[in-house]
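Enquirer:
2 protein chains.
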Amino acid sequence: MVQSEQEFLKQYDIRNYDVPLTTVDVAIFTLINSQLHVLMVERAEHPHKQRWSLPGGFIDLTQDTNLQQAALRKLKQKTGVKTSHLEQVETIGSAKRDPRGWSLTVLYMALIPFVEPLKDDLSVTDAKWWPFEKALKQRLAFDHKVLLGQARDRLRAKSGYTVLPVHVLTPPFTLTQLQQSFEELLGVAIEKKSFRRRIQSADVLVEVGEGLPEGGRGRKAMLYKPKPGVPQHAFVRAFGVDE
Amino acid sequence: MVQSEQEFLKQYDIRNYDVPLTTVDVAIFTLINSQLHVLMVERAEHPHKQRWSLPGGFIDLTQDTNLQQAALRKLKQKTGVKTSHLEQVETIGSAKRDPRGWSLTVLYMALIPFVEPLKDDLSVTDAKWWPFEKALKQRLAFDHKVLLGQARDRLRAKSGYTVLPVHVLTPPFTLTQLQQSFEELLGVAIEKKSFRRRIQSADVLVEVGEGLPEGGRGRKAMLYKPKPGVPQHAFVRAFGVDE
DNA sequence: GTAATAGTGTCTCTAAGACACTATTAC
DNA sequence: GTAATAGTGTCTTAGAGACACTATTAC
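Protein sequence lines correspond, in order, to chains A and P.
If you read the first sequence in this note's numbering, its first letter stands for residue 99, the second for the next number, and so on.
If you read the second sequence in this note's numbering, its first letter stands for residue 99, the second for the next number, and so on.
#1: With distances taken from CA atoms, which of A:K323, A:P326, A:T272 is nearest G309 (chain A)?
#2: Name the DSSP beta bridge partners of D224 (chain P), please?
#3: Residues of the region 189-205 of chain P in Cβ contact with chain A at a cutoff of 8 Å, in chain order, please.
#4: Between T268 (chain P) and chain A, is any beta-carbon pair separated by less than 8 Å?
#5: Could you tell me whether the Cβ of A336 (chain A) comes closer than 8 Å to any Cβ of chain P?
#6: Going along the chain, which unbroken runs of the beta strand (DSSP E) with 3 or more residues stay wholly within the region 295-335 of chain A?
#7: So for L129 (chain P), helix, strand or coil by DSSP?
#8: Just checking: is the beta-carbon of V117 (chain A) within a distance shorter than 8 Å of some beta-carbon in chain P?
#9: So is D123 (chain P) buried or exposed if we call it buried at 16+ other beta carbons inside 10 Å?
#10: Kindly give me the distance between the Cβ atoms of P270 (chain P) and K323 (chain P), rounded to whole angstroms, as I take these residues to be in contact under 8 Å.
#11: Using a 10 Å radius around the Cβ and a threshold of 16 neighbouring Cβ atoms, would you call P263 (chain A) buried or exposed?
#12: With contact counted as at least three CB pairs below 8 Å, one residue from each stretch, are the region 193-209 of chain A and the region 151-169 of chain P in contact?
#13: Run down chain A in chain order and give the residues with a C-beta less than 9 Å from the C-beta of L159 (chain P).
#14: Name the chain P residues whose beta carbon is nearer than 9 Å to that of N164 (chain A)?
#15: Hey, is the region 242-256 of chain A in contact with the region 195-215 of chain A, meaning 3+ C-beta pairs nearer than 8 Å?
#16: Give every residue of the same chain whose Cβ lies closer than 8 Å to the Cβ of E281 (chain P), excluding the five residues on either side of it in the sequence, and list them in chain order.
#17: Quickly, what does DSSP pair S201 (chain A) with across the bridge? List them, please.
#18: Go ahead and label S102 (chain P) buried or exposed: buried means 16 or more other beta carbons lie within 10 angstroms of its beta carbon, across all protein chains shown.
#19: What are the start and end residues of the alpha helix (DSSP H) that includes G155 (chain P)?
#20: Starting from L107 (chain A), find everything on chain P with Cβ-Cβ shorter than 8 Å and list it in chain order.
#21: Assuming contact is defined by CB atoms lying nearer than 8 Å, are D116 (chain A) and L159 (chain P) in contact in what I supplied?
#22: Can you list, in chain order, the residues of its chain with a C-beta nearer than 7 Å to that of P329 (chain A)? Leave out the 5 residues immediately preceding and following it.
#23: Indicate whether the contact test is met: 3 or more Cβ pairs, each with one atom in the region 170-181 of chain P and one in the region 211-227 of chain P, closer than 8 Å.
#24: With a floor of 3 residues, list each beta strand (DSSP E) that falls wholly inside the region 215-267 of chain P, ordered by position along the chain.
#25: Compare the beta carbon distance of L184 (chain A) and L202 (chain A) with 8 Å and say whether it is the shorter of the two.
#26: Taking the alpha carbon of S221 (chain A) as the point to measure from, which residue in A:A142, A:G285, A:Q277 has its own alpha carbon closest?
#27: Figure out for me which residue from P:G338, P:K232, P:S151 has the closest Cα to the Cα of K290 (chain P).
#28: Could you have a look at A287 (chain P) and say whether DSSP puts it in helix, strand or coil?
#29: Does the beta-carbon distance from K172 (chain P) to P197 (chain P) come in below 8 Å?
#30: Taking 7 Å as the limit between beta carbons, can you name the residues of its chain near Q133 (chain P), skipping five residues before and five after?
#31: Is the Cβ-Cβ distance between L253 (chain A) and S151 (chain A) less than 8 Å?
#32: Output needed in chain order: residues of the region 270-303 of chain A with a Cβ under 8 Å from some Cβ in chain P.
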């Protein structure tokens, strides 16, 4: 019997197949007092009820037109933030990571300037910014400790050859503040001149007047904001990779 | 009513939820006559029956313990190759990419030395190596043209700052052959001395005697094979990024 | 003036790029 | 010898790193 594609589609029903459980999780990073923080939520539902986890959940097959949209929806739901740096990190899937069965999660990472977390969400009993290291030490839901680590690794690596860290500051900011962000996300100190040379050559900032120096004492500092749609600038050489 | 996690899991059935269709696809690359080729299969089944597509398909919830395993299984099924470079590229999902409904695919990329494709697979009427550019011009199934492009982009980028191209050659090979591989995967010419300096500093090859020069004329060339488990060497600077 | 922070000048060092050179082979 | 390919020597260049220097402010 030869079957047309139309006929095939008519009788196709995904429920006849064993499929994995699919979710999207987002590691949302920001800087608070020059310290890396990650937004975590406390689960209101089984499994792993009451444990802290990354914001995330199922794809809404009617609302979400694509994966990025699904991740963006999670981000907005927890922060109100609509645009920011959002990138896919990795997809993790295995038979064991969720007690409900074979499960797969698409991990995203977002960088945003600080905002208070929104809490109008029933699937969650609390939402708050954790200092990154402290979050890592919690007993998290599922394999979210591993996911946090992967997002952190990506963040560190890309901070070395892109201008990603501009996304975690609330403009306007000084170059000293920006350097501190780079250093915190990179995990190593950067030489001041090297840093400034690079930022200048990347051409991603706009001057917006002068402001107070760090600590309130000393020479006034130039203030900057990111150029609209900060170009995805990639440098040929990476920072802080010497032995 | 308070419900324990055990009770919750007992009554949980994924079939009560709308979930996306989930697949794994693998862009398998090799070099044939110094030309980049990609392994494609002709679909035996709806949808998109008889169109060429990337090897891939559903996760086997009982056989595959995790995602990487699923990708490895696809690779082995089509090539017999069990180990090689295999890395995740990106996960693409949308409501529209598959006529059966909301679908998501985890795209992998593999690099292997040339082997004849295996064809003992019922879901497929043919399997063959296509020159990459020619494959891109075919009318492919689903959004596989986009997937091919993403895998190609990743391949090009990583060939600039890693030793990835060592994986597409059948050892032993000469440095000239290896340079040609790098150039083909990168898409730009590399200066001979720069190339040799870098390969030497990466320390990923072992000498295995002497062989004929390229074209059969001229001085004999040293032959090499990759060191076992070729280290994931990343250079601080990228090749061929000048303007 | 001093202390503190912002910002620059300039040398060194590493590794890519350019390119001419030597080495080895077949004929 | 010539032609062809393998492989090296060495200068230039770009950009990170080091670090001392100047500039501007509050006090």
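A virtual CB, placed ideally from N, CA and C, is assigned to each residue, including glycine.
Expert: So, to answer that:
#1: For the purposes of this step, residue 309 (chain A) is taken as the residue at position 211 of the first sequence. Of A:K323, A:P326, A:T272, the residue nearest in Cα terms is A:T272.
#2: For the purposes of this step, residue 224 (chain P) is taken as residue 126 along the second sequence, with counting starting at 1. D224 (chain P) pairs with P:E140.
#3: Those residues of the region 189-205 of chain P placed with their C-beta closer than 8 Å to a C-beta in chain A are T189, I190, G191, S192, A193, K194, P197, R198, G199, W200, L202, V204, ordered along the chain.
#4: For the purposes of this step, residue 268 (chain P) is taken as the residue at position 170 of the second sequence. Not closer than 8 Å to any Cβ of chain A, the Cβ of T268 (chain P) fails to qualify, so no.
#5: Taking the first residue of the first sequence as 1, we reach residue 336 (chain A) at position 238. Cβ-Cβ to chain P under 8 Å: yes for A336 (chain A).
#6: The DSSP assignment places complete beta strand (DSSP E) segments of no fewer than 3 residues inside the region 295-335 of chain A at 303-309, 319-324, in order along the chain.
#7: Position 31 of the second sequence, counted from the first residue, corresponds to residue 129 (chain P). In the structure shown, L129 (chain P) sits in a strand (DSSP, three-state: E or B).
#8: Mapped onto the first sequence, residue 117 (chain A) falls at position 19. Yes, its Cβ sits closer than 8 Å to a Cβ of chain P.
#9: What you label residue 123 (chain P) is simply residue 25 of the second sequence in a count that begins at 1. Within 10 angstroms of the beta-carbon of D123 (chain P) lie 16 or more other beta-carbons, which makes it buried.
#10: Mapped onto the second sequence, residue 270 (chain P) falls at position 172. Mapped onto the second sequence, residue 323 (chain P) falls at position 225. Contact between P270 (chain P) and K323 (chain P) holds: their C-beta atoms lie close to 5 Å from each other, under 8 Å.
#11: As a first step, residue 263 (chain A) is located in the first sequence; it is residue number 165 there, counting from the start. Counting Cβ neighbours within 10 Å, P263 (chain A) comes out buried, since at least 16 surround it.
#12: Flag = yes, the region 193-209 of chain A and the region 151-169 of chain P touch.
#13: Along the second sequence, one-based indexing puts residue 159 (chain P) at 61. Neighbours of L159 (chain P) in chain A, taken as residues whose beta carbon is under 9 Å from its own, are D116, V117, P118, A193, G199, W200 in chain order.
#14: Taking the first residue of the first sequence as 1, we reach residue 164 (chain A) at position 66. Here the neighbours are I190, G191, S192, A193, K194, R195.
#15: Counting C-beta pairs with one atom in each stretch, the region 242-256 of chain A and the region 195-215 of chain A have three or more that are closer than 8 Å, which means they touch.
#16: Taking the first residue of the second sequence as 1, we reach residue 281 (chain P) at position 183. Apart from sequence neighbours up to five positions away, the residues of its chain that approach E281 (chain P) with a beta-carbon distance below 8 Å are A287, I288, ordered along the chain.
#17: For the purposes of this step, residue 201 (chain A) is taken as the residue at position 103 of the first sequence. In DSSP, S201 (chain A) forms a bridge with A:L119, A:S192.
#18: Position 4 of the second sequence holds residue 102 (chain P). Around the beta-carbon of S102 (chain P), fewer than 16 other beta-carbon atoms lie within 10 Å, marking it exposed.
#19: Position 57 of the second sequence holds residue 155 (chain P). Segment 154-156 is the beta strand (DSSP E) holding G155 (chain P); no alpha helix (DSSP H) there.
#20: Walking along the first sequence from the start, residue 107 (chain A) turns up at place 9. Correct list: H144, P145, P197, R198.
#21: As a working mapping, residue 116 (chain A) is identified with position 18 in the first sequence. As a working mapping, residue 159 (chain P) is identified with position 61 in the second sequence. Yes. Within cutoff.
#22: Indexing the first sequence from 1 puts residue 329 (chain A) at position 231. Excluding residues within five positions, the ones whose Cβ falls inside 7 Å are V302.
#23: Because the criterion of three Cβ pairs below 8 Å is met, the region 170-181 of chain P and the region 211-227 of chain P touch.
#24: Segments of the beta strand (DSSP E) lying fully in the region 215-267 of chain P: 222-229.
#25: The residue given as residue 184 (chain A) occupies position 86 in the first sequence. The residue given as residue 202 (chain A) occupies position 104 in the first sequence. Taking 8 Å as the Cβ cut-off, L184 (chain A) and L202 (chain A) do not qualify as a contacting pair.
#26: By one-based count along the first sequence, residue 221 (chain A) stands at place 123. The option with the nearest alpha carbon to S221 (chain A) is A:A142.
#27: In the second sequence, the residue the question calls residue 290 (chain P) occupies position 192. Closest by alpha carbon: P:G338.
#28: For the purposes of this step, residue 287 (chain P) is taken as the residue at position 189 of the second sequence. Here A287 (chain P) sits in coil by DSSP.
#29: What you label residue 172 (chain P) is simply residue 74 of the second sequence in a count that begins at 1. What you label residue 197 (chain P) is simply residue 99 of the second sequence in a count that begins at 1. Between K172 (chain P) and P197 (chain P), the CB-CB gap reaches or exceeds 8 Å.
#30: The residue you call residue 133 (chain P) lines up with position 35 of the second sequence. Within its own chain, the residues whose Cβ lies closer than 7 Å to the Cβ of Q133 (chain P), once the five positions on either side in sequence are excluded, are P229, E282, listed in chain order.
#31: Translated into the one-based positions of the first sequence, residue 253 (chain A) becomes position 155. Translated into the one-based positions of the first sequence, residue 151 (chain A) becomes position 53. Result no, Cβ atoms of L253 (chain A) and S151 (chain A) do not sit closer than 8 Å.
#32: Going along the region 270-303 of chain A in chain order, one finds no residue with a Cβ nearer than 8 Å to chain P.
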